[in-house]
Structure formats: structure tokens, C-alpha cells
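Structure first, then comments.
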Amino acid sequence: MASSVIPQVPDVDIDPNGVFKYILIKLTCPNSGGQLEEKNIVRGYASCSYHSDINDKVTEELQDLKSSKVIRDWRTKVLGGGRINHDCSSKVIKVYGYSQGYGKADHEVTVELLKQKYTGYNSISWSDEGY
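Under our numbering, think of the first position of the sequence shown as 92, with each following residue one higher.
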């Protein structure tokens with residue numbers, strides 16, 4: 092049975108607090124048997140002024156995994172972006188907005204991924220309101 096490398100890439104990596112831009116990405120990697128596997132990942136960082144900066148950071152992260160032989164090859168497709176308001180003290184995350192360069196991410200998909208990581212949170216929601 093072919094082993095999967097996809098689980099070694101975290102589904103969610105966002106800043107622990109604050110308001111920042113994020114992108115939703117489809118990651119495709121071959122497993123050890125050569126079959127393609129894919130999953131969606133969420134990335135968001137206050138240090139990135141533009142959605143494309145986040146994509147550049149993810150590309151570097153995946154190149155490092157490839158260099159260390161954790162993954163052999165990978166492809167990404169940015170599915171869209173938006174903003175995240177992460178209030179860790181209140182345990183609340185709000186997802187909203189869009190990316191001018193990539194369009195609006197499917198915030199419902201993003202929220203489901205966030206709920207899997209932040210299981211103890213009071214509220215994780217999305218809205219089409221605001222930028």
C-alpha cells in the first residue's frame with residue numbers, strides 16, 4: 092500500500108491572533124505509489140501585505156519539504172482568498188472578504204478546516220460582508 096505524504100503538510104497555518112489576509116489552496120502531491128492525492132489548505136499571516144505574499148511563503152515551505160525529501164513533488168492552485176479575524180482570547184474566528192488577485196475563497200470550506208484545528212473555540216464563522 093502506498094504511503095501518503097499529504098498528512099505531513101498541515102491543513103491550517105494561520106497567525107495565533109489578529110486580523111490578516113488568508114488564501115485557500117488546493118495542494119496536489121503524488122504518494123509513494125505515484126498516485127496523486129489532494130487536499131485543501133489554509134494559510135494566513137499578518138506579516139504578508141498581499142495575498143500573493145502568502146502564496147510565496149507557502150511555495151517556500153513546500154520547497155523546503157521537497158528539499159528534505161518529505162515530499163517528492165507538489166502542485167498548488169490558489170482557490171481564492173479573504174481575511175481572517177482571529178481573537179484567541181475570546182476563542183472566536185471570523186472569515187470574510189476576498190482577494191483582488193485570486194478572487195473570493197470558499198469561506199465555508201475554510202471554516203470547516205479551521206473547525207478541525209480549533210476544536211475548543213466558541214465560534215468559527217464566515218460572512219460575505221466586509222473587506
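Where a beta carbon is used, it is the ideal one built from N, C-alpha and C, also for glycine.
Under the assumption that residue i contacts residue j (Cβ atoms under 8 Å), give the Cβ distance between them as a whole number of angstroms.
{"i": "leucine 115", "j": "leucine 170", "result": "5 Å"}
{"i": "isoleucine 105", "j": "histidine 177", "result": "6 Å"}
{"i": "threonine 167", "j": "valine 149", "result": "7 Å"}
{"i": "asparagine 213", "j": "serine 181", "result": "7 Å"}
Looking at the unbroken beta strand (DSSP E) that takes in residue i, where does it start and where does it end?
{"i": "valine 39", "result": "Since the first residue shown for the chain is 92 and the last is 222, residue 39 is missing from the structure and cannot be characterised."}
Do you know how far the Cα of residue j is from the Cα of residue i?
{"i": "glutamate 128", "j": "lysine 157", "result": "16 Å"}
{"i": "glutamine 191", "j": "tyrosine 141", "result": "9 Å"}
{"i": "proline 101", "j": "glutamine 207", "result": "11 Å"}
{"i": "isoleucine 215", "j": "glutamate 203", "result": "9 Å"}
{"i": "glycine 125", "j": "phenylalanine 111", "result": "36 Å"}
Report buried or exposed for residue i, applying the criterion of at least 16 other Cβ atoms within 10 angstroms of its Cβ.
{"i": "glycine 135", "result": "buried"}
{"i": "serine 218", "result": "exposed"}
{"i": "asparagine 108", "result": "exposed"}
{"i": "asparagine 146", "result": "buried"}
{"i": "arginine 174", "result": "buried"}
{"i": "glycine 172", "result": "buried"}
{"i": "threonine 201", "result": "buried"}
{"i": "glycine 188", "result": "buried"}
Start-end ranges of the beta strand (DSSP E) lying completely within the segment 142-185, minimum 3 residues: 166-178
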